[in-house]
Structures are given as C-alpha cells and as structure tokens.
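The sequence shown: position 292 = 292 (UniProt numbering), numbered continuously.
Below is one structure, written out as structure tokens; the observations come after it.
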Amino acid sequence: MTSPSPDNSRPDNGDTADSPDPASDAAPARVGRPRKYASAADRVRAHRARERAKKAAALSPAAAESATPDDAISTLATTTAALRTLATTTLEQYATITTRITDAVDKLTDADAVEAQMTRAATELAKVRADADAKIARLREQLAQATEDRDNADAAVAAVDAELADARAAHAEQIRRLQQTHDEEISRASDDHADTLQHLQGRLADAETEHDRVVSDLHRTITELNDSLATCRRDLEDATTERDRVATELSGARDDLARARAALERDAATVARLESELGAERDRNADLRDHLEQARVAAAAARAAETASRERGDELRAEIGDLRAELTGCRTELDAVRAELGRARTAAGSVARPDAGNDSPRPDSDD
1 MTSPSPDNSR
11 PDNGDTADSP
21 DPASDAAPAR
31 VGRPRKYASA
41 ADRVRAHRAR
51 ERAKKAAALS
61 PAAAESATPD
71 DAISTLATTT
81 AALRTLATTT
91 LEQYATITTR
101 ITDAVDKLTD
111 ADAVEAQMTR
121 AATELAKVRA
131 DADAKIARLR
141 EQLAQATEDR
151 DNADAAVAAV
161 DAELADARAA
171 HAEQIRRLQQ
181 THDEEISRAS
191 DDHADTLQHL
201 QGRLADAETE
211 HDRVVSDLHR
221 TITELNDSLA
231 TCRRDLEDAT
241 TERDRVATEL
251 SGARDDLARA
261 RAALERDAAT
271 VARLESELGA
281 ERDRNADLRD
291 HLEQARVAAA
301 AARAAETASR
311 ERGDELRAEI
321 GDLRAELTGC
331 RTELDAVRAE
341 LGRARTAAGS
351 VARPDAGNDS
361 PRPDSDD
C-alpha cells in the first residue's frame, strides 16, 4: 500500500517566516527579546510549514529505512489517518460534483423549461427592440432640436462678437481720450506748480536774506550803543573823580562839568535816534513777516491745486476700472455662450454617433 504524498500545493513559508522582516529592521529598537515574526499570521504559517516538513520527513523512504519499530508504528498510524481523511474528503467532493451534474442534466432534458426560457428570451428581445426604436426616435428629435439650438447659438455668438468688437473699439477710444486729457492736465498742473514754487522760493530766499541783514545791522548798532554807553559811564566816573580831586579848583571844575553835560546831552540825543531807528527796523521786520505769510498762503493754494489734480486723476482711474469691469462682464457672457454652444455641439455629436451605429444592418434574430 502506497502512502499518500504530502500536500505541497501551498508554498513553504518556513524559510521566509524564519528570516528577519525588513520592516522590523527599520523599526526602532525595543527593550527585551526581539520579535521573530512580524505578525500572528506569519507565526501560524511558520508553524504549519514546520508540521508539513515533519510529515514529509516521516514519510520519506530514507526515514523509513533508518526508523525503529516504534517510529514505523507511529508513521503507519499517521499515514493511515491521513489516508482516511483524504478518502473521506474525496468521496464528499465526488458526491457534490455528481449532484450538480444530475441537476444540470435534469434541467436540460426538461422540454417545458427550455420552451419557457426561449419564450422569455423572445419576449425580452422584442421589448429591447421596441425600447431601442423608441430611443432612436427620441434621439433623432433631440438631434433636430440640438441642430436648431446650435444654429441659434451660432447666430447669438456672431451678434455677441459684433457687439464685443464695437464695445472694444468704443472703450479703446474712450480710454485714449481720457488718458490724453489726464496727461495734459497733469503736465499743466506740474508746470504751474513748478513755476509757483520756484517764484515763492525766490521770494522767501530774498526775505530771509533781508531779514538776516537787518538783524545783523541791529546787532552791530546795539553793540556800538553798548560801547558808547560804557564810554559814557567811564567818562562820568572820570568826571566825578576829577570833581572830587579838584574841589579846590571850582572854576575849572565848572567848565569841565559843563563840557560833561554837553557830552551827556549829545549821547542822549544819539540814544534817542538809535531807539527811533530800532523802532523802524521792527516795523520793517513786521512787513517782512506779512510778506512771508502771504507766500505761505500762495504755497497752500498751489498744494490745493495739486491735490485737486490728483483727485481728478483718481476719478479718471475709477472710470477706467468701471469700463474694465464692464468689459470683463461681456467676456464672461461670451464665454458662457461659447460653453453652451460647445455643450450643444457635444450633445449633437453624441446623438449622431449612436444614430449612425443603429443605421447599420442587423442580423435577423427571428431565425
């Protein structure tokens, strides 16, 4: 009696299961004993492979020759059990296959069932043909409607293209006029501002020069007055000393006193004249301040004119932005019309292709 061969249909995963997993090498090192198998399924496959290897080794002729009587008894018992299991499984499979074959033959030999199946097939075929004819009619109607829609869309696109061309030409002309007007106004305002600023700067420089000169003259006059006053004080002190010293010489002292009084009167007259000149210089400084204030007012007016020019430029830019927005809207509407035309053409093409396929001759299925 021959022993059944071991089941070698499954791959032997013993070597692959015992080999280290590349994914485990990439994993970080853990504390403790390293894992031999990556998962529980790998462990089960390795165990089954080892069992199959043991059975194959036990059933090999070399093992039978070198085995002891006890090993031969255990091998015979294992082989007998495996043979019984294989015979039982084979009988069950044969019984199942026989049942299926019998059922199929019974169905094929039943004339009523075959006739009913053919009747159902013919009915379904007639229904499918009727549905196909109705669908072809609907598709032809859709094709006609799509063709009409396409013609209407072509006409609408042509009208929109013409309107868009006119709008672009008008918009370009308007932008050109606005840009020319804006450039002229900016150039004129810049020239006026430059002239006014240059004139005011010249007047301001002249006023500052005059003011510096007047202030310098006043400082020099004040210095001279201080020197004269110091001289007068020294003369007075000398006269007082001389009066005390020459008390005995009264006549000479009186003459000296008269001369000193005359000198004091001349100094007083000089001081009065200098004070009047100082008041006149103060009046001139006030006039210079008035002129400077007028220059500042003129500069403020020039700045206001420049601000107005800039605001006008901003208004022109806003109008240009509105025109660009209108142009964008026209382009969006044109894109929508073109997209609708594309969809209509696509629908017409898809309807035409099935219609062309259905016009080809069909085989007669009634035979």
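Glycine is no exception: its CB is placed at the ideal position from the N, C-alpha and C atoms.
In this structure, the beta-carbon distance from L288 to H211 falls below 8 Å. When the alpha-carbon of D235 is set against those of V215, R259, H219, the nearest one is in R259. Secondary structure note for S39: it is in no alpha helix (DSSP H), with a DSSP letter that is neither H nor E. Under the 8 Å Cβ criterion, the segment 116–136 does not count as touching the segment 286–301, having fewer than three qualifying pairs. Straight through space, the alpha carbons of A56 and H47 are spaced by roughly 14 Å.
Taking 8 Å as the cut-off, the Cβ atoms of E340 and A153 count as close. Note that the C-beta distance between A189 and S309 is below 8 Å. Across the structure, R168 and R176 are spaced so that their CA atoms are roughly 12 Å apart.
Per DSSP, reduced to three states, the secondary structure at E237 is helical. In terms of Cβ geometry, A348 and L143 form a close pair [threshold 8 Å].
Distance from the CA of R203 to the CA of D283, rounded to the nearest whole angstrom, comes to 19 Å. DSSP, reduced to helix, strand and coil, places T68 outside both helices and strands of the structure shown, so it counts as coil.
Residue state for E173 is assigned as helix, using DSSP reduced to three classes.
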